[in-house]
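Number of protein chains: 2
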Amino acid sequence: MRRKPGTLVPLEEWILSAAIELRRRREDFHGYQIAKHIADASDRKLLTAYGTLYRALGRLEAMGLLRSRWEDPQRAADERRPPRRLYSLTDEGLDTARATRRARASAHARTGKRRVAPA
Amino acid sequence: MRRKPGTLVPLEEWILSAAIELRRRREDFHGYQIAKHIADASDRKLLTAYGTLYRALGRLEAMGLLRSRWEDPQRAADERRPPRRLYSLTDEGLDTARATRRARASAHARTGKRRVAPA
DNA sequence: ACTTTATGGGCAGATATCTGCCTATAATCA
DNA sequence: TGATTATAGGCAGATATCTGCCCATAAAGT
Numbered sequence: 015m016r017r018k019p020g021t022l023v024p025l026e027e028w029i030l031s032a033a034i035e036l037r038r039r040r041e042d043f044h045g046y047q048i049a050k051h052i053a054d055a056s057d058r059k060l061l062t063a064y065g066t067l068y069r070a071l072g073r074l075e076a077m078g079l080l081r082s083r084w085e086d087p088q089r090a091a092d093e094r095r096p097p098r099r100l101y102s103l104t105d106e107g108l109d110t111a112r113a114t115r116r117a118r119a120s121a122h123a124r125t126g127k128r129r130v131a132p133a
Numbered sequence: 015m016r017r018k019p020g021t022l023v024p025l026e027e028w029i030l031s032a033a034i035e036l037r038r039r040r041e042d043f044h045g046y047q048i049a050k051h052i053a054d055a056s057d058r059k060l061l062t063a064y065g066t067l068y069r070a071l072g073r074l075e076a077m078g079l080l081r082s083r084w085e086d087p088q089r090a091a092d093e094r095r096p097p098r099r100l101y102s103l104t105d106e107g108l109d110t111a112r113a114t115r116r117a118r119a120s121a122h123a124r125t126g127k128r129r130v131a132p133a
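In order, the protein sequences belong to chains A and B. Going letter by letter, the first sequence gives residues 15 to 133 in this note's numbering. Going letter by letter, the second sequence gives residues 15 to 133 in this note's numbering.
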């Protein structure tokens with residue numbers, strides 16, 4: 015719905031937030047996983063389909079905040095499931111994710127929006 | 015349903031037959047593709063789910079008649095779809111597929127079954 | 001303030017692989 | 001011949017990624 019340049023939409027912020035959490039556990043994440051994570055965390059019936067999330071991941075990657083790589087297909091085969099696309103935060107993405115968190119934390123009463131992503 | 019050792023079930027024969035056809039076009043094939051191919055070729059409402067086919071492919075690979083490899087995930091990404099597992103006939107699989115065809119061709123009236131796979 | 005425009009999210013479904021459970025039946029065995 | 005057993009196929013659904021279409025709405029433009 016026409017984003018103000020340099021800002022993130024809520025879904026993108028949630029993804030970055032989840033990415034920081036998973037990063038502490040030294041894990042990369044994949045779309046299906048984060049979709050379930052977000053669906054659980056937020057009661058919202060969000061993501062009736064996964065399309066919205068995968069598109070958001072694509073945008074974040076295009077912005078340079080996430081990078082993705084395909085996992086070794088052999089590993090997927092060993093675990094008897096389709097291969098995953100694994101995402102991780104770039105340096106810029108990490109900065110942005112932290113800035114987003116700070117903005118969230120200090121956004122108690124204020125409704126003012128803050129720039130959390132580079133123009 | 016308890017196979018006589020060294021024989022193939024119809025689904026497996028169809029797969030090998032399709033594999034020979036595709037081989038002429040110098041193409042490897044993947045599960046989803048062959049499922050549709052078979053579903054089209056045989057009016058049968060076969061393969062309401064794909065599970066049956068993927069299991070048959072797995073058996074043929076375990077028998078040594080097919081080999082599989084994962085396609086380059088980058089190519090799948092470029093074509094904006096999930097990665098495929100590509101199958102091709104082994105030498106033994108090619109022999110077996112040809113023997114199956116001959117058996118089919120000469121099975122006009124006779125109902126007698128023939129050994130088309132090695133014990 | 002009012003119109004235009006860009007785009008994110010919902011809905012629907014395609015693409016692709018894989019498993020668990022049940023049942024029917026062919027092959028084997030007694 | 002009749003009982004046992006192995007297993008292929010159907011049914012249902014999980015895992016995983018991705019696209020097309022539409023609409024609502026916020027941002028930008030006038």
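Glycine included, C-beta positions come from ideal geometry on N, C-alpha and C.
For this session: Indicate whether the contact test is met: 3 or more Cβ pairs, each with one atom in the region 34 to 50 of chain A and one in the region 99 to 118 of chain A, closer than 8 Å.
Result: yes
Exercise. To which residues of the same chain is Tyr46 of chain A closer than 8 Å at the C-beta, ignoring the five residues directly before and after it?
Worked result: Tyr64, Arg98
For this session: May I ask which residues mark the beginning and end of the beta strand (DSSP E) holding Arg17 of chain B?
Result: Where Arg17 of chain B is concerned, there is no enclosing beta strand (DSSP E), given that its DSSP letter is neither H nor E.
Exercise. Is any beta-carbon of chain B found at less than 8 Å from that of Trp28 of chain A?
Worked result: no
Problem set entry | Enclosing alpha helix (DSSP H) for Arg81 of chain B [first to last residue] | From DSSP, Arg81 of chain B is part of no alpha helix (DSSP H) but of the beta strand (DSSP E) over 80 to 84.
Exercise. For Pro24 of chain B and chain A, any beta-carbon pair shorter than 8 Å?
Worked result: no
Exercise. Taking DSSP as the reference, what is the three-state secondary structure of Leu22 of chain A?
Worked result: coil
Problem set entry | chain A contact for Pro96 of chain B (CB, 8 Å cutoff) | yes
Problem set entry | Arg16 of chain B to Leu74 of chain A span [Cα, whole Å] | 52 Å
For this session: Flag this pair as touching only if the region 102 to 114 of chain A and the region 49 to 56 of chain A have three or more C-beta atom pairs under 8 Å; answer yes or no.
Result: no
For this session: Put Arg99 of chain A into one of helix, strand or coil per three-state DSSP.
Result: strand
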